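Residue numbers (UniProt numbering): 1 to 631.
Reviewing the structure listed below.
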Amino acid sequence: MTSFDAVFQSSINNPEEFWAEAAKNITWYKEYDKVLDSSNPPFYKWYPGGKMNTCYNAIDRHVENGRADQTAIIYDSPVTNTIRKISYKELLDQVSTFAGVLKGMGVGKGDTVVIYMPMIPEAAVAMLACARLGAIHSVVFGGFAPHELAIRVDHAQPKVIVTASGAIEGVKNLAYKPLVDSAIEQSTHKVDKVILFQRDFVKADMIDGRDFDWNEMMEKSEPADCVEVDATDPLYILYTSGTTGMPKGVLRDNGGHAVALYWTMKNLYDINPGEVWWSASDVGWVVGHSYIVYGPLLQGSTTVFYEGKPIGTPDAGAFWRVISEHKVKALFTAPTAFRAIKKEDPDGLLFKKYDTSCFECLYLAGERTDPDTLHWAEDLLGVPVIDHWWQTETGWAIVGNCRGIEELPVKEGSPTKPMPGYDVKILDDEGKELPAGQEGNIVVKLPLPPGTLTTLWRNDERFVKSYMTTFPGYYETSDGGYIDEDGYVYVMGRMDDVINIAGHRLSTGAMEEIIANHPDIAECAVFGVDDKLKGQLPVGFFVVKAGVTRDPVEIKDELVKMVRESIGPIACFREATQVVRLPKTRSGKILRGTMRSIANNKDYNMPSTIDDPVILDEITDTLREMGYVKK
Numbered sequence: 001m002t003s004f005d006a007v008f009q010s011s012i013n014n015p016e017e018f019w020a021e022a023a024k025n026i027t028w029y030k031e032y033d034k035v036l037d038s039s040n041p042p043f044y045k046w047y048p049g050g051k052m053n054t055c056y057n058a059i060d061r062h063v064e065n066g067r068a069d070q071t072a073i074i075y076d077s078p079v080t081n082t083i084r085k086i087s088y089k090e091l092l093d094q095v096s097t098f099a100g101v102l103k104g105m106g107v108g109k110g111d112t113v114v115i116y117m118p119m120i121p122e123a124a125v126a127m128l129a130c131a132r133l134g135a136i137h138s139v140v141f142g143g144f145a146p147h148e149l150a151i152r153v154d155h156a157q158p159k160v161i162v163t164a165s166g167a168i169e170g171v172k173n174l175a176y177k178p179l180v181d182s183a184i185e186q187s188t189h190k191v192d193k194v195i196l197f198q199r200d201f202v203k204a205d206m207i208d209g210r211d212f213d214w215n216e217m218m219e220k221s222e223p224a225d226c227v228e229v230d231a232t233d234p235l236y237i238l239y240t241s242g243t244t245g246m247p248k249g250v251l252r253d254n255g256g257h258a259v260a261l262y263w264t265m266k267n268l269y270d271i272n273p274g275e276v277w278w279s280a281s282d283v284g285w286v287v288g289h290s291y292i293v294y295g296p297l298l299q300g301s302t303t304v305f306y307e308g309k310p311i312g313t314p315d316a317g318a319f320w321r322v323i324s325e326h327k328v329k330a331l332f333t334a335p336t337a338f339r340a341i342k343k344e345d346p347d348g349l350l351f352k353k354y355d356t357s358c359f360e361c362l363y364l365a366g367e368r369t370d371p372d373t374l375h376w377a378e379d380l381l382g383v384p385v386i387d388h389w390w391q392t393e394t395g396w397a398i399v400g401n402c403r404g405i406e407e408l409p410v411k412e413g414s415p416t417k418p419m420p421g422y423d424v425k426i427l428d429d430e431g432k433e434l435p436a437g438q439e440g441n442i443v444v445k446l447p448l449p450p451g452t453l454t455t456l457w458r459n460d461e462r463f464v465k466s467y468m469t470t471f472p473g474y475y476e477t478s479d480g481g482y483i484d485e486d487g488y489v490y491v492m493g494r495m496d497d498v499i500n501i502a503g504h505r506l507s508t509g510a511m512e513e514i515i516a517n518h519p520d521i522a523e524c525a526v527f528g529v530d531d532k533l534k535g536q537l538p539v540g541f542f543v544v545k546a547g548v549t550r551d552p553v554e555i556k557d558e559l560v561k562m563v564r565e566s567i568g569p570i571a572c573f574r575e576a577t578q579v580v581r582l583p584k585t586r587s588g589k590i591l592r593g594t595m596r597s598i599a600n601n602k603d604y605n606m607p608s609t610i611d612d613p614v615i616l617d618e619i620t621d622t623l624r625e626m627g628y629v630k631k
């Protein structure tokens with residue numbers, strides 16, 4: 001077996017040869033002229049001159065090559081008590097017919113379509129239908145506030161919006177149609193065609209002449225064939241939050257994206273065609289694009305579409321049921337999901353009810369995996385628990401553990417080594433490379449590998465300014481960390497999560513890691529508050545595990561002692577308070593920056609991705625009681 005280090009060195013020393021070999025897994029209508037065009041940095045182009053279609057690669061070719069009857073999508077929806085299996089042949093029928101619907105509405109190559117859908121297979125059908133026509137989709141997380149949807153509609157300027165009548169969020173029904181109507185009203189770009197998928201539990205009113213029923217349109221539409229596109233043509237826009245409040249539209253190409261995602265399914269995740277893979281995310285996030293829809297379908301594996309939560313649908317055994325019932329080989333989810341399960345079922349009693357002998361590996365990403373959660377999952381599952389690190393912009397892992405090449409030993413706190421194609425460096429603020437073990441800015445030497453962002457939609461200038469200016473010749477991740485003597489990368493959090501205490505730069509992530517090791521703690525967050533004497537001081541919030549009834553002050557004193565013993569008095573960690581819950585995005589990221597702004601009495605925008613805005617009021621009240629927020 002080839003060693004990982006040999007594969008990695010090959011990708012860095014001979015990138016064109018490496019990615020030419022990987023491109024053989026994709027079906028091309030016309031071979032590309034060259035692997036990489038570096039003539040206009042930082043606007044690198046992979047596979048220029050190549051002609052292909054992502055939808056053809058994800059569906060048609062599998063039907064043509066013997067996988068017609070294999071299950072492509074398993075739709076598992078505990079919130080609606082539905083399980084449905086869709087074969088590659090059935091998926092082809094649905095996608096080609098819906099592409100015909102869009103084509104009939106004037107959607108063609110280069111046009112944009114906004115998709116605002118819950119976690120139902122129709123969301124994937126809409127995405128793939130756009131790819132089939134060479135249209136550019138922009139999926140906006142279903143349930144986003146109308147104002148946020150309106151901003152994206154104005155920026156993407158879609159010909160059509162595709163939506164559903166609603167979703168079930170926890171125990172509540174959430175109607176989407178009033179949100180879409182309000183967004184169209186607020187936007188200056190007027191959309192005159194909305195395709196609506198009606199769901200049984202929430203019916204939407206239709207506006208004559210503008211709104212079209214999904215099922216009615218499907219019944220009278222002719223299937224559409226795949227359109228030949230350039231490898232460098234855009235596949236989708238995915239908006240990620242920007243510091244200015246205006247979201248950044250990350251742009252993904254067709255050719256490089258298909259090559260990279262196909263390559264990762266086996267090499268990173270060790271999934272083979274025909275095997276069952278589950279990414280417990282949402283199509284509104286990059287993980288949903290890469291590893292619910294495109295990655296597994298490009299490879300010809302089976303993907304689980306899960307409409308539910310890790311807890312509460314119906315309990316903290318939901319994940320084990322899905323794994324057992326559908327014979328899932330590997331799961332990819334956020335550490336937050338496992339912290340939630342651990343909080344509800346700390347002894348893993350529900351896990352013991354299910355046969356999970358099919359299960360081989362758990363992959364975590366989205367935010368740093370604290371050692372306590374890592375070890376809890378390892379002990380419970382008895383399989384490798386692999387942390388890996390990536391961003392919306394990169395579309396796949398920057399740092400990971402390639403089990404399909406060579407499984408490397410896990411080191412707690414590290415997502416392992418840079419992935420093939422990513423030449424990761426640690427630089428100081430002046431751009432000088434730092435030695436092993438020294439913390440600084442994590443950057444990636446250009447060019448980035450295939451499948452990463454090519455630019456920002458309609459904003460090349462912001463692309464260069466946001467990612468390519470601070471450290472010329474490198475992609476700036478905006479994360480800080482270090483690489484140890486074995487080449488393992490440690491991501492310590494966003495650079496703005498590094499606080500300066502009396503001239504000493506300390507990572508709040510390192511403090512969180514220590515607190516998370518306390519046996520009573522389910523999850524925690526540490527952020528910096530302004531201090532006249534020291535510059536900044538750390539403040540901690542913690543949530544205890546289910547069943548813990550100890551005095552919060554006692555727990556706080558123990559946490560202060562732990563941080564002092566591990567980092568030293570220099571950390572000045574003296575303030576920690578128990579809270580019922582932490583504010584998070586819908587993808588599970590804790591809103592440390594927002595809490596920091598509140599504590600420092602600074603203006604902040606309510607994050608569009610927030611899961612429950614009420615929690616911020618609770619946090620504000622707590623910070624006020626602690627004396628940080630002015631009355």
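The C-beta atom is built at its ideal place from N, Cα and C for all residues, glycine as well.
Keep in mind that this is a model prediction, so the values were computed, not measured.
Requested in this report: Give me the Cα-Cα distance between glutamate 625 and threonine 577, rounded to the nearest whole angstrom.
Outcome: Going by the C-alpha atoms only, they are around 11 Å apart.
**Report entry** Cβ pair count under 8 Å reaching 3, the stretch 573-587 against the stretch 547-561
**Finding:** In short, these stretches touch, since the Cβ pair count reaches three.
Query - Neighbourhood of threonine 188 by C-beta distance below 8 Å, restricted to the same chain and skipping five residues each side - result: Only residues of its own chain outside the window of five on either side were considered, and among them Asp154 have a CB closer than 8 Å to the CB of threonine 188, listed in chain order.
Report task. Give the range of the beta strand (DSSP E) segment to which lysine 248 is assigned. Result -> Run containing lysine 248: 248-253, per the beta strand (DSSP E) assignment.
**Report entry** Distance between valine 101 and threonine 244 (C-alpha atoms, nearest Å)
**Finding:** Reliability fails at threonine 244, whose pLDDT of 49 lies under 50, so the model's placement of it is uncertain and the value that follows must be treated cautiously. Taking the straight line joining both Cα atoms gives about 37 Å.
Query raised in the report: Who are the Cβ neighbours of proline 296 in its own chain at under 6 Å, not counting the five residues just before and after it?
Result: The answer, listed in chain order, is Trp277, Thr303.
Report task. Assess, as a yes-or-no matter, whether the stretch 115-128 is touched by the stretch 162-182 under the definition of 3 or more beta carbon pairs within less than 8 Å. Result -> Flag = yes, the stretch 162-182 and the stretch 115-128 touch.
Query - Boundaries of the beta strand (DSSP E) in which glycine 480 is found, first to last residue - result: According to the DSSP assignment, glycine 480 belongs to the beta strand (DSSP E) that extends over 474-483.
Report task. Tell me whether the beta-carbon of isoleucine 499 lies closer than 7 Å to the beta-carbon of glutamine 536. Result -> Yes; because the gap between Cβ atoms is below 7 Å, this pair is in contact.
Report task. Alpha carbon to alpha carbon, how far is glycine 284 from aspartate 270? Give it in angstroms, no decimals. Result -> Those two C-alpha atoms are separated by around 25 Å.
Query raised in the report: lysine 411: which of Gly487, Ser478, Met419 sits nearest, CA to CA?
Result: Nearest of Gly487, Ser478, Met419 to lysine 411, Cα basis: Gly487.
Query raised in the report: Can the beta-carbon of asparagine 57 be found closer than 7 Å to that of threonine 97?
Result: No. Outside cutoff.
Query raised in the report: In the structure shown, what three-state DSSP assignment does glycine 400 receive?
Result: Strand.
Query raised in the report: Sorted by chain position, which residues of the same chain lie with C-beta nearer than 8 Å to glycine 547's C-beta, five sequence neighbours on each side aside?
Result: Excluding positions up to five away in sequence, the list reads Pro346.
Report task. Kindly indicate which three-state DSSP category threonine 244 falls into: helix, strand or coil? Result -> Below a pLDDT of 50, predicted positions are generally treated as unreliable, and threonine 244, at 49, falls in that range; no measurement from the model is reported.
**Report entry** Pairwise C-alpha distance: glycine 540 and cysteine 572
**Finding:** When rounded, the distance between both Cα atoms is 12 Å.
Query raised in the report: To the nearest whole angstrom, what separates the beta carbons of threonine 454 and leucine 251, a pair I think is in contact under 8 Å?
Result: The pair is a contact, with the Cβ atoms about 5 Å apart (cut-off 8 Å).
Query - Range covered by the beta strand (DSSP E) that runs through threonine 622 - result: No beta strand (DSSP E) holds threonine 622; the alpha helix (DSSP H) holding it covers 614-625.
Query raised in the report: Using CA coordinates, which residue listed in Tyr75, Trp390, Leu446, Asp531 is at the minimum distance from isoleucine 501?
Result: Nearest of Tyr75, Trp390, Leu446, Asp531 to isoleucine 501, Cα basis: Asp531.
**Report entry** Three-way DSSP call (helix, strand, coil) for histidine 137 in this model
**Finding:** DSSP places histidine 137 in the strand class (E or B) of the three-state scheme.
Requested in this report: From the DSSP output, in three-state form, read off valine 322 for me.
Outcome: Residue state, collapsed to three classes: helix.
Query raised in the report: Quick one: what does DSSP say phenylalanine 351 is sitting in, helix, strand or coil?
Result: In this structure, phenylalanine 351 counts as helix in the three-state DSSP scheme.
Requested in this report: Going by CA-CA distance only, name the one from Met606, Lys266, Ala436, Thr333 that's closest to tryptophan 389.
Outcome: From the listed residues Met606, Lys266, Ala436, Thr333, the smallest Cα separation to tryptophan 389 is found for Thr333.
Query - For glutamine 9, the first and last residue of its enclosing beta strand (DSSP E) - result: Not the beta strand (DSSP E): glutamine 9 falls in the alpha helix (DSSP H), residues 4-13.
**Report entry** Inter-residue spacing [alpha-carbon to alpha-carbon] between tyrosine 32 and glutamine 9
**Finding:** Computed Cα separation, rounded: 24 Å.
Query - Residue burial classification, isoleucine 195 (beta-carbon count within 10 angstroms, cutoff 16) - result: It counts as buried.
Query - Residues bridged to cysteine 361 (per DSSP) - result: In DSSP, cysteine 361 forms a bridge with Ala330.
Query raised in the report: Shortest alpha-carbon distance to glutamate 275 belongs to which of Val322, Gly480, Lys329?
Result: If we check each option's Cα against that of glutamate 275, Lys329 comes out closest.
Query raised in the report: Got a sec? Which residues, its chain only, sit under 6 Å from valine 526 by beta carbon, not counting five neighbours each side?
Result: The residues Thr508, Met511, Glu512, Pro538, Gly540, in chain order, have a CB closer than 6 Å to that of valine 526 in the same chain once the five nearest residues on each side in sequence are set aside.
Query raised in the report: Which residue's Cα is closest to the Cα of lysine 51: Ser357, Glu185, Val229?
Result: The shortest Cα separation from lysine 51 among Ser357, Glu185, Val229 belongs to Val229.
Query raised in the report: Who are the Cβ neighbours of alanine 175 in its own chain at under 6 Å, not counting the five residues just before and after it?
Result: Counting only residues of its own chain and dropping the five nearest sequence neighbours on each side, alanine 175 has a CB closer than 6 Å to the CB of Gly166, Val202.
Report task. Rounded to whole angstroms, what's the CA-CA distance from tryptophan 46 to valine 7? Just pull it up for me. Result -> Cα to Cα, the separation comes out at about 20 Å.
**Report entry** Same chain, Cβ closer than 8 Å to isoleucine 184, five either side skipped, listed in chain order
**Finding:** By the criterion of a C-beta distance shorter than 8 Å, isoleucine 184 is surrounded in its chain by Ala150, Val153, Ile161, Lys190, Val191, Val194, once the five residues flanking it on both sides are discounted.
Query raised in the report: Is tryptophan 396 closer than 7 Å to serine 290 when the C-beta atoms are compared?
Result: The Cβ atoms of serine 290 and tryptophan 396 lie closer than 7 Å to each other.
Requested in this report: Spell out a yes or no on whether the stretch 341-358 and the stretch 583-598 are touching, meaning 3 or more CB-CB pairs, one atom from each, closer than 8 Å.
Outcome: No, they do not touch.
Query - First and last residue of the uninterrupted alpha helix (DSSP H) at proline 184 - result: Note that residue 184 is isoleucine in the sequence shown, not proline. Judged by DSSP secondary structure, isoleucine 184 falls within the alpha helix (DSSP H) whose first and last residues are 177-186.
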